[in-house]
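Here's the structure we're looking at; comments come further down.
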Amino acid sequence: MSLFRTKSVDHLIRASQNQHGLKRALGPLDLTLLGIGAVIGTGIFVLIGKGALTAGPALMLSFVLAAVACILAALCYAEFASTIPAAGSIYTYTYATMGELAAWIIGWDLMLEYGLATSAVSAGWSGYVQAFLAGIGLHLPAALTAAPGSVPGVDTWFNLPAFIIMMIITSVVAFGIRESARFNNVMVALKVVVVVLVIVVGARHVDTANWTPFAPYGTQGIFKAGAVMFFAFLGFDAVTNAAEEARNPARSLPIGLLGSISICTLLYVAVAAVMTGILPYQRFAEGIDHPVALALQLAGEHWVGGFITLGAVVGMTTVILVMLYGQTRITFAMSRDGLLPKKLSELHPTHNTPFFNTWVIGIVFGLIAALLPLDFLAELINIGTLAAFTLVALAVLILRRTRPDLPRGFRCPGSPYIPVLTMAVCIFLMIQLDPLTWICFVVWSAIGLAVYFLYARRRSNLHTTS
64 MSLFRTKSVD
74 HLIRASQNQH
84 GLKRALGPLD
94 LTLLGIGAVI
104 GTGIFVLIGK
114 GALTAGPALM
124 LSFVLAAVAC
134 ILAALCYAEF
144 ASTIPAAGSI
154 YTYTYATMGE
164 LAAWIIGWDL
174 MLEYGLATSA
184 VSAGWSGYVQ
194 AFLAGIGLHL
204 PAALTAAPGS
214 VPGVDTWFNL
224 PAFIIMMIIT
234 SVVAFGIRES
244 ARFNNVMVAL
254 KVVVVVLVIV
264 VGARHVDTAN
274 WTPFAPYGTQ
284 GIFKAGAVMF
294 FAFLGFDAVT
304 NAAEEARNPA
314 RSLPIGLLGS
324 ISICTLLYVA
334 VAAVMTGILP
344 YQRFAEGIDH
354 PVALALQLAG
364 EHWVGGFITL
374 GAVVGMTTVI
384 LVMLYGQTRI
394 TFAMSRDGLL
404 PKKLSELHPT
414 HNTPFFNTWV
424 IGIVFGLIAA
434 LLPLDFLAEL
444 INIGTLAAFT
454 LVALAVLILR
464 RTRPDLPRGF
474 RCPGSPYIPV
484 LTMAVCIFLM
494 IQLDPLTWIC
504 FVVWSAIGLA
514 VYFLYARRRS
524 NLHTTS
């Protein structure tokens, strides 16, 4: 039964209010921009082309469908984040409802979402920056441009730009949440300006005839593209990792979660409308990794290309920051519970951040970005996220039954129907993933179980105090 021992919800709430813990410095605007920073990255500039081929102009509806799935999960997250404003997100919520083993598994799996995301996006950031440098006549030595084996026929050893950006972002996160939020806010403002520029400039070249037929592949195309576009919204849940650093979590966290998804949905739908209005959807051929830039170039707006590159680089920078931040708060919470070494939950006396933890995470995943080709691991990020969404919906139902008396700053509407629908949608999307992804996911989880039984279980705070 020790596998199902749970943390006291009242203890979690008291611990989150400890004045000697993480610094409460974030308001609703900071949290909303944190969510936008995590969501808007290369997806809006890259995935739109693939979505247009799948759904045609009805891609606009696919984005709405994907947003609905995320909003369902966000409603569940908002209830927990406002009720138990503690670091650790779904790991902490699971520990309070389903027990230690389930919490460990989801904490371990979240490393696929947050940790590998920082590595994968850092590698993408490296590619854009190298393309920019090549445009002005600067070239890195081939050995330092990519991970070993990443480029066929080229002898590459180390992706230096990917490692450098990871170290820069690690230093920003390590020196304080207020500093991280300011950096993120500036970067988000820049990339939103770029997206709005794309919409305004592109709108002048829209030919509404290109929107006919609106849904050439019917509802099947809309649903299929929606499954793809769902992943363009991933990352908003990182906002819940800031629960212990929000000034008024009961009010600010629901605003940050739902506000960031709503703003991103409006921008995504507008860009999809403009892109499919400029070019017939058939023109977005497979293999084109810059569909937005292509559409504006064919419309004669060549000067916008540089701004789109800037938007992609800035977008990826904020994704790295928010995902790295989320990973450090997950490991901080697990360490504080005794499941990971205590050193990872020590706070810096000046910065009030898990300083050592942040640098360990930054260096480890920076080296992964520099040394490992990550294409074959990309879908693992998605399956880890969908598993987390499923568990948070289940946890809402459990806590409603076990602690109906608990004060809730925000209540998920339509319970139990909304949480059940959230689980159904997430499980449906998980089923669509490649079998190899499931195999890798099971192997990763098995490694996590081995670490739990050989190390974490007997060092857990709940074990030592029982």
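When the letters of the sequence shown are read in order and numbered with this note's numbering, they come out as residues 64 to 529. Glycine residues also receive a C-beta, built at the ideal position from the N, C-alpha and C atoms.
Would you kindly check if the distance between the Cβ of residue j and the Cβ of residue i is under 8 Å?
i                 : j                 : result
isoleucine 63     : serine 323        : Residue 63 is absent from the structure shown; the chain starts at 64 and stops at 529.
valine 483        : valine 367        : no
phenylalanine 299 : valine 102        : yes
tyrosine 135      : isoleucine 481    : Before going further, note that residue 135 is leucine rather than tyrosine in the sequence given. Against a cut-off of 8 Å, the Cβ pair of isoleucine 481 and leucine 135 comes out as a contact.
glycine 340       : asparagine 524    : no
leucine 384       : isoleucine 232    : yes
glutamate 364     : valine 264        : yes
methionine 486    : alanine 451       : no
methionine 386    : isoleucine 446    : no
serine 185        : alanine 432       : yes
alanine 118       : alanine 336       : no
isoleucine 285    : leucine 128       : yes
lysine 406        : phenylalanine 418 : no
valine 376        : valine 192        : yes
Alpha carbon to alpha carbon, how far is residue i from residue j?
i                 : j                 : result
phenylalanine 143 : alanine 306       : 10 Å
valine 459        : serine 315        : 19 Å
proline 312       : proline 343       : 45 Å
glycine 472       : threonine 465     : 17 Å
arginine 310      : glycine 389       : 18 Å
leucine 66        : glutamate 163     : 6 Å
arginine 346      : alanine 358       : 9 Å
isoleucine 111    : threonine 69      : 43 Å
leucine 329       : valine 382        : 19 Å
glycine 90        : tryptophan 422    : 26 Å
serine 398        : valine 302        : 20 Å
glycine 319       : alanine 137       : 10 Å
phenylalanine 126 : tryptophan 507    : 31 Å
isoleucine 502    : leucine 361       : 42 Å
leucine 92        : tyrosine 140      : 18 Å
glycine 187       : histidine 526     : 42 Å
threonine 95      : leucine 321       : 8 Å
serine 145        : threonine 208     : 44 Å
alanine 132       : phenylalanine 293 : 8 Å
isoleucine 426    : alanine 272       : 51 Å
What is the DSSP secondary structure of residue i, reduced to helix, strand or coil?
i              : result
leucine 89     : strand
alanine 362    : coil
alanine 309    : strand
methionine 161 : coil
arginine 68    : coil
asparagine 415 : coil
glycine 447    : helix
aspartate 172  : helix
proline 215    : coil
asparagine 222 : coil
histidine 526  : helix
glutamate 242  : helix
proline 48     : For the chain, the structure presents residues 64 to 529; residue 48 sits outside this window and is missing.
glutamate 142  : helix
arginine 466   : coil
leucine 434    : helix
glycine 198    : helix
threonine 95   : helix
glycine 425    : helix
proline 404    : coil
isoleucine 231 : helix
proline 317    : helix
proline 204    : coil
alanine 210    : coil
glycine 178    : helix
leucine 410    : coil
On the criterion of 16 or more Cβ atoms from any shown chain inside 10 Å, does residue i qualify as buried, or is it exposed?
i              : result
threonine 181  : buried
valine 251     : buried
tyrosine 331   : buried
threonine 282  : exposed
arginine 267   : exposed
methionine 230 : exposed
lysine 113     : buried
valine 563     : Outside the shown range of the chain (64 to 529) lies residue 563, about which nothing can therefore be said.
isoleucine 510 : exposed
glycine 199    : In the sequence as displayed, the identity of residue 199 is isoleucine instead of glycine. Its Cβ having fewer than 16 others within 10 Å, isoleucine 199 is exposed.
serine 234     : exposed
threonine 394  : buried
Does the beta carbon of residue i sit closer than 8 Å to a beta carbon anywhere in chain D?
i            : result
arginine 474 : Protein chains in the displayed structure number just one, and chain D is not present.
For the region 261-311, which segments carrying the alpha helix (DSSP H) assignment without a break, of at least 4 residues, lie completely within its bounds, in sequence order? 281-292
Enumerated in chain order, which unbroken segments of the alpha helix (DSSP H) with a length of 4 residues or greater are wholly contained in the region 469-518? 480-494 and 498-514
Any chance you could list the alpha helix (DSSP H) runs of at least 4 consecutive residues sitting entirely within the region 327-401, in chain order? 354-361 and 368-399
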